[in-house]
Amino acid sequence: MDYQQHAVDYASIPHSVMFPPAVTTPHEPRRHFTSFISEERSEPSTVTRYAATGTRTNVVAKEAVERVETQMIEAVGAIVKRQVEAKERITSVVASQRAALLTMKLARADSSVETLARLEILNRRMESLAPRVHPSQVARLEEVIGSLERSKAVLAEIDLLLDA
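Right, dumping it as C-alpha cells:
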C-alpha cells in the first residue's frame with residue numbers, strides 16, 4: 001500500500017486516534033482537516049491546514065509526498081556535491097605532493113630508492129583518484145569539446161545581436 005492510499009484510509013476513519021473527528025452535515029460531504037508542515041524553511045513551526053474532501057485528499061497527500069521527494073533530491077544532491085569536492089581536494093593534494101617530490105628529485109639529481117618508491121606510491125594514488133583517459137575515449141572527448149566550442153561561438157553571436 002502506498003503512502004497516499006494509507007493517508008486516505010486513515011482520513012476516512014471517523015474519530016481516529018490520529019485525526020480529530022470529521023465534520024459532517026446533511027447537505028455537504030464529510031470533511032476532514034489535515035495539517036502539513038509549511039514549505040517555509042525559516043519557520044519550521046508553521047503549519048498549513050487543508051480541508052480534505054473526496055479527491056482533494058489524494059491531491060493534498062500527493063503534494064506532501066512531492067515536497068518530501070524534492071527535499072530528498074536536494075539533500076542527496078548536496079551530499080554528492082560534498083563528496084565530489086572532497087575527492088577534488090584530495091586529488092589536488094596528491095598532485096601537489098607529487099609535483100613537490102618531482103621537483104625535489106630534479107633539484108637534487110638523485111634517484112634514490114626511497115624517492116622512487118614515494119613517487120610510485122603517489123603515482124598509484126593519483127591513478128586511483130583520477131584515472132587516465134583511454135584512447136577509445138579521446139575521440140568522444142574531442143567531439144564534446146568541439147560541440148562546446150561551437151555552442152560558445154553561437155552564444156557569442158547571440159550576445160552580439162542582443163547588445164546591438
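Here UniProt numbering is used: the first residue of the sequence shown is 1, the next is one more, and so on. Glycine is no exception: its CB is placed at the ideal position from the N, C-alpha and C atoms.
Close Cβ partners of residue i (< 7 Å) along its chain, the five nearest in sequence each way excluded
i: R118; result: L101
i: I90; result: L129
Anticipated Cβ contact below 8 Å, residue i with residue j, distance rounded
i: R82; j: M126; result: That belief does not hold up - the Cβ atoms of R82 and M126 are roughly 22 Å apart, past 8 Å.
i: V80; j: L122; result: About 27 Å separates the two Cβ atoms, so there is no contact after all.
i: L141; j: V133; result: 7 Å
Own chain, CB closer than 6 Å to residue i, minus 5 neighbours either side, in chain order
i: D159; result: none
Contacting residues, own chain, Cβ-Cβ under 8 Å from residue i (five flanking each side not counted)
i: A111; result: First, the amino acid is wrong: residue 111 is Ser here, not Ala. The answer, listed in chain order, is K105.
i: I145; result: none
| Considering only residues of the region 113-155, which uninterrupted alpha helix (DSSP H) runs meet the minimum length of 4 residues and lie entirely inside it, listed in chain order? | Fully enclosed alpha helix (DSSP H) runs of 4 or longer: 113-129.
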